[in-house]
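Chains A and B supply the protein sequences, listed in that same order.
Here my numbering is used: the first sequence runs in plain steps of one and ends on residue 176.
Here my numbering is used: the second sequence runs in plain steps of one and ends on residue 945.
Quick reminder that beta carbons are idealized off the backbone N, C-alpha and C, glycines included.
All of these numbers come straight from a predicted model, not from anything done at the bench.
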Amino acid sequence: MNGTLPLPIVHGLKNQLAIVLGFCELLLADTAATDRRRSDIERIQMAARASLELLSGSEPMIDP
Amino acid sequence: MTAERPALGVVLVVDDEAGMRELARRILEEAGYGVIDAADAAAAIALVNGGAAVDFLIADLDMPGMLGHEMAAKIRMLRPGLQVLYVTAHNQILFNDRLELAHGEAFLDKPYTVAGLLEAVSLLKLGHIKAPVEAPAASRWRHLLDAVGKLTGRNNQPID
């Protein structure tokens, strides 16, 4: 069973990961297809997406 | 001297996270929009009160002081018909309080992609959505599809 994190923590972390992912996308758009740094940026993206998945498993459920 | 307005219009971006404001600015300015921004609701309302030219509002929902949709309601009292795109990591805030979006409002989950943000703003502006540049996550687009229905008066129409 997953533990849950307080909602403000989840929200804050998601915000930060959104910034990481957004700027990774902008960086990739400005990086040539042959540039070896692309794989470094993609590694950052993968880690950020994995972190988002971890967060979605620890998000408290809110009933309407 | 006449100030030149960006052809695509001016977007007011309100988010308490500086990084999110800068991300939205980079995406929107590269696409041809003008961008002004504010770090909280009070600053945004002051900008609009001061006569700032604003065509669209992008509002973070979960801001300290005043929530994004409360701020948008106040701004729309000053500028009726101003179209609003809400962005948030937590849509519960919006839907717990209001359950559904008003006319001229749409919703986008964080994190969003470059294409996702541009298409959401384009949707607000034109009332329709262009073919996606990339295949987005289905959950992310549910909100946009709902918004398309609201903006165009049609529901569940294919968008491609």
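Local Cβ density within 10 Å of residue i, reported as buried at 16 or more and exposed below that
| i | result |
| --- | --- |
| H854/B | buried |
| P865/B | exposed |
| P120/A | exposed |
| H888/B | exposed |
| M862/B | exposed |
| A844/B | buried |
| R790/B | exposed |
| E154/A | exposed |
| T898/B | buried |
| N127/A | buried |
| G901/B | buried |
For residue j and residue i, believed in contact at Cβ under 8 Å, the rounded distance
| i | j | result |
| --- | --- | --- |
| L140/A | R150/A | 6 Å |
| T873/B | K859/B | Actually they are not in contact, since the Cβ atoms of T873/B and K859/B sit about 18 Å apart, beyond 8 Å. |
| L117/A | L164/A | Their Cβ separation, rounded to whole angstroms, is 13 Å, which puts L117/A and L164/A out of contact at 8 Å. |
| L909/B | L852/B | That belief does not hold up - the Cβ atoms of L909/B and L852/B are roughly 20 Å apart, past 8 Å. |
| L808/B | G134/A | 4 Å |
Test: residue i CB closer than 8 Å to a CB of chain B
| i | result |
| --- | --- |
| G134/A | yes |
| E154/A | no |
| E137/A | yes |
C-beta neighbour in chain A for residue i, strict 8 Å
| i | result |
| --- | --- |
| E802/B | yes |
| P896/B | yes |
| A948/B | Any property of residue 948/B remains undetermined from this structure, which presents chain B solely from 786 to 945. |
| V899/B | yes |
| V798/B | no |
| E789/B | no |
Cβ-heavy atom distance, residue i to the ligand SAM, below 7 Å
| i | result |
| --- | --- |
| D840/B | The ligand content of the structure shown is nil, which means the ligand SAM is not present either. |
ask   = Which residues, in order along the stretch 846-863 of chain B, keep a beta-carbon less than 9 Å from a beta-carbon of chain A?
value = D847
ask   = Does the pairing of the stretch 826-837 of chain B with the stretch 794-801 of chain B give three or more beta-carbon distances under 8 Å?
value = Taking 8 Å as the limit for Cβ pairs, the verdict is that the stretch 794-801 of chain B does touch the stretch 826-837 of chain B.
task = Report the residues of the stretch 806-820 of chain B with a CB closer than 9 Å to any CB of chain A, ordered along the chain.
result = E807, L808, A809, R811, I812 and E815
ask   = Should the stretch 807-826 of chain B be called in touch with the stretch 145-165 of chain A, which here means at least 3 C-beta pairs below 8 Å?
value = no
ask   = Taking any Cβ of chain B, which residues in the stretch 118-131 of chain A have a Cβ under 9 Å from it, in chain order?
value = L119, P120, V122, H123, G124, L125, K126, N127, Q128, L129, A130 and I131
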